[in-house]
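Protein chains in written order, with our numbering: chain H, 1 to 345; chain E, 1 to 345. By construction, the Cβ of each residue, glycine as well, lies at the ideal position given by its N, Cα and C atoms. All of these numbers come straight from a predicted model, not from anything done at the bench. Scroll down for the structure; my scribbles are underneath it.
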DNA sequence: TTTAGCACTCAATTGTACCGAGTGCTAACT
DNA sequence: AGTTAGCACTCGGTACAATTGAGTGCTAAA
């Protein structure tokens, strides 16, 4: 469906000199956050040509929509299209020595359950890049129940602990309408386990309609589990380095908006999913589909196990972010995660 | 140990007129974020006195350390001590109608396990107040194991699911060094359950030193569980409305620092704990013990069940925050949580 | 002790001039 | 036809002075 290349449109290539100049402008602007003029371009390239020529090229690039001028007597800054061209024609960078070491060390030592690993990974990723990281773990729609167990906390409170085939565990507090003895709980636990084993949460199960205590508890427990489905299905989202937002964007209001967006897990999940669906690995400005992210860019790298996408790592930064480094970091981390999960579960 | 009143020192009371003026200055400054001068004080109080008199009182209040002047020809702003006096002599406010309704509705409808409830509550609290909320759930140091169960995901992966007496559930992926059949896993599960039942994580347990598969798995599972203790003990922290940080503080650097602090769960936990330990319900500026929070204030309200503190709700805002409203919100929410947990578990 | 009166202070605002980075255009050059 | 030197022009940023005004502190009288 989506074209294999990374661009939304098969962008026509610019002639080499223009490309060089565009690249210089983008690189320089990313570095300095300043409009860049013809002289700066000359200094940062070995293009053997006069400023006047560069200027006329700049005019041309502006006409074609790659660059813009904040005001007449200023240099140029890249437009969304300019960044897009830059990213599409970027030669992939590779992570620095120290960072590669950091990643290796991290994955060698990390321990704990999936959620804990992802949470720590999101911190790692944001430390690697100085941007805010987003890690999305896929939900477990298709997972079947491996084990369901009822544990009594006391006579009025039971805990339903359910283990799914993908390794997820959910727990639900049950407050039964009747008093339940330890033995009754154990019996209910056996029945629930038998009832739910190998079912998915989508499936209806035949609950006993008897009136005795055990049957009642079974009914209530199953009802609670199924009622709570949405939250169980929910993808898990981990955000690392949200303080980086404050560094990345100009203007309090922008910072507020971006932080606010990050707080809404559903938005974040769909944002990342949308980008992956479009076949992109980078979404710049309006490509993200969010007004709030007009001056942002989002890098995503899916984590796949057995050809299936089980999650994604992402980085959120300003559109003038250091794409090479950030992409290298995201890809390294996503492939490490892929490796870890392929090897382990 | 700590004095029952809310102040660190038993602050001497000011004479009534000074108190009125100080209160007016604080209130006004909280409202406008501007230095307030003698004329403004006159307008916002019905004190029947001339500006000159107010001025001399202001001078006096400044000498005593309650107020400060940004520069000679400006009005006064409260110092930390000024805010402290204000808070100590505040008559408790009560939540607005609409907000009370919101809280009632929320707690009537909220469902899910403890973590989910706390997470949603943190969002609620930040919506109620326009400040960033912090909810800390106590760890379960003392909790004993109610049930430990080993579930095979496949022949190379086992999941150890442990239920504790306080309703917490932990899970650990075990990658056994040997292949384990379904039957062996079931047997190991039985043994582990018997072994760990009613123990706490602090206790050493006698693991079998036999060399057969089941014994090996048991050893490895128990080792994994005990190795991971720190993360299990860890208090759970939920932060709501971190975007509010951007509104609350002036200066990108301050915003960055505060966000960064909020990212470090351990810091947040100890911050809240420290304040509670000091017997305070509000910590202003340096009272928080964090340089970063020099211009902040933190409100805390413990959640207690059976006389034991099981957690706390907190609000983080600028030192010029609306204390009445924020304190009312924190207290209402904490008492609702107390009620919910007392009734339920 | 309070207050009216007054000189004083100083951040903020406004106005003005100027600098200079950077442009676009044109005419000459290769 | 593309490139370049030369040049007039634009306009944001900075620096400086003048002005304003909110608010003070002091003094002397009530």
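Short Cβ contact (9 Å threshold) for residue i with residue j
i: residue 135 of chain H; j: residue 211 of chain H; result: no
i: residue 189 of chain E; j: residue 151 of chain E; result: yes
i: residue 293 of chain E; j: residue 313 of chain E; result: no
i: residue 177 of chain E; j: residue 162 of chain E; result: no
i: residue 388 of chain H; j: residue 258 of chain H; result: No answer is possible for residue 388 of chain H: the residues shown for chain H start at 1 and end at 345.
i: residue 121 of chain H; j: residue 298 of chain H; result: no
i: residue 238 of chain H; j: residue 318 of chain H; result: no
i: residue 342 of chain H; j: residue 301 of chain H; result: no
i: residue 87 of chain E; j: residue 323 of chain E; result: yes
i: residue 173 of chain E; j: residue 153 of chain E; result: yes
i: residue 354 of chain E; j: residue 118 of chain E; result: Residue 354 of chain E lies beyond the residue range present for chain E, which begins at 1 and ends at 345; the question has no answer from this structure.
i: residue 199 of chain E; j: residue 145 of chain E; result: yes
i: residue 271 of chain E; j: residue 251 of chain E; result: no
i: residue 157 of chain E; j: residue 311 of chain H; result: no
i: residue 131 of chain E; j: residue 285 of chain E; result: no
i: residue 356 of chain E; j: residue 179 of chain E; result: Beyond the ends of chain E as shown, which are 1 and 345, falls residue 356 of chain E; an answer cannot be given.
i: residue 348 of chain H; j: residue 72 of chain H; result: Look at the range of chain H in this structure, 1 to 345, and you will see that residue 348 of chain H is not part of it.
i: residue 93 of chain E; j: residue 330 of chain E; result: no
i: residue 295 of chain H; j: residue 254 of chain H; result: yes
i: residue 309 of chain H; j: residue 275 of chain H; result: no
i: residue 61 of chain E; j: residue 77 of chain E; result: no
i: residue 28 of chain H; j: residue 50 of chain H; result: no
Interface residues of chain E facing residue i [CB-CB closer than 9 Å]
i: residue 314 of chain H; result: Residues of chain E passing the Cβ test: none, with the nearest at roughly 17 Å.
i: residue 256 of chain H; result: 243, 244, 245, 246 and 247
i: residue 147 of chain H; result: 149, 151, 159 and 161
i: residue 291 of chain H; result: Residues of chain E passing the Cβ test: none, with the nearest at roughly 16 Å.
Closer than 7 Å at the beta carbon, the chain H residues around residue i
i: residue 260 of chain E; result: 243
i: residue 17 of chain E; result: Simply none; closest approach about 39 Å.
i: residue 252 of chain E; result: 246
i: residue 187 of chain E; result: Going along chain H, no residue has its Cβ under 7 Å from residue 187 of chain E, so there is no contact; the nearest lies around 15 Å.
i: residue 220 of chain E; result: None at all; the shortest Cβ gap to chain H is about 13 Å.
Residue burial classification, residue i (beta-carbon count within 10 angstroms, cutoff 16)
i: residue 25 of chain E; result: buried
i: residue 133 of chain E; result: buried
i: residue 35 of chain E; result: buried
i: residue 1 of chain E; result: Because residue 1 of chain E carries a pLDDT of 40, less than 50, the predicted location of this residue cannot be relied on, and no value is offered for it.
i: residue 15 of chain E; result: exposed
i: residue 38 of chain E; result: buried
i: residue 9 of chain E; result: Per-residue confidence for residue 9 of chain E stands at a pLDDT of 44, beneath the threshold of 50, marking its modelled position as unreliable; the derived number appears in the next sentence. Classification of residue 9 of chain E: exposed, given that the 10 Å Cβ count is below 16.
i: residue 191 of chain H; result: buried
i: residue 59 of chain H; result: exposed
i: residue 320 of chain H; result: buried
i: residue 169 of chain E; result: buried
i: residue 23 of chain H; result: buried
i: residue 75 of chain E; result: buried
i: residue 256 of chain H; result: buried
i: residue 326 of chain H; result: buried
i: residue 106 of chain E; result: buried
Contacts that residue i makes with chain H (C-beta to C-beta distance below 8 Å)
i: residue 212 of chain E; result: Per Cβ cutoff of 8 Å: no residues; residue 212 of chain E is ~24 Å from chain H at best.
i: residue 97 of chain E; result: Here the premise fails: no neighbours, minimum Cβ distance about 26 Å.
Beta-carbon neighbours of residue i, restricted to chain E and to distances below 8 Å
i: residue 310 of chain H; result: Correct list: empty, because the minimum Cβ distance to chain E is about 14 Å.
i: residue 228 of chain H; result: 111 and 112
i: residue 179 of chain H; result: Within 8 Å Cβ-Cβ: nothing; residue 179 of chain H doesn't reach chain E, min ~15 Å.
Neighbour list for residue i in chain H, Cβ cutoff strictly below 9 Å
i: residue 303 of chain E; result: Chain H residues near residue 303 of chain E: none, gap ~17 Å exceeds 9 Å.
i: residue 62 of chain E; result: What residue 62 of chain E touches in chain H: nothing, since even the nearest Cβ is about 31 Å away.
Any non-hydrogen atom of the ligand ADP within 8 Å of residue i CB
i: residue 340 of chain E; result: This structure lacks the ligand ADP; in fact it carries no ligand of any kind.
Proximal chain E residues relative to residue i, where beta-carbon distance stays under 7 Å
i: residue 183 of chain H; result: Going along chain E, no residue has its Cβ under 7 Å from residue 183 of chain H, so there is no contact; the nearest lies around 15 Å.
Worksheet item: So does the segment 140-149 of chain H actually touch the segment 249-264 of chain H, counting three or more Cβ pairs closer than 8 Å?
Response: no
Discussion item. Assess contact between the segment 203-210 of chain E and the segment 218-228 of chain E, defined as three or more Cβ pairs (one per stretch) separated by less than 8 Å. Is contact present?
Written reply: yes
Practice prompt. Assess, as a yes-or-no matter, whether the segment 42-55 of chain E is touched by the segment 105-120 of chain E under the definition of 3 or more beta carbon pairs within less than 8 Å.
Written response: no
Worksheet entry | Cβ pair count under 8 Å reaching 3, the segment 280-290 of chain H against the segment 94-106 of chain H | no
Discussion item. As an exercise, report each continuous beta strand (DSSP E) stretch of at least 3 residues that is fully enclosed by the segment 162-189 of chain H, in chain order.
Written reply: 169-174
Worksheet item: At what residue ranges does the segment 81-137 of chain H contain a whole run of the beta strand (DSSP E), taking only runs of 3 or more?
Response: 132-137
Fill in: Continuous beta strand (DSSP E) assignments of at least 3 residues falling wholly in the segment 230-282 of chain E
236-240
Practice prompt. May I have a chain-ordered list of the beta strand (DSSP E) segments no shorter than 3 residues that lie completely inside the segment 23-91 of chain E?
Written response: none
Worksheet entry | Ordered list of beta strand (DSSP E) runs contained in the segment 292-328 of chain H, each at least 3 residues | 296-305 and 308-318
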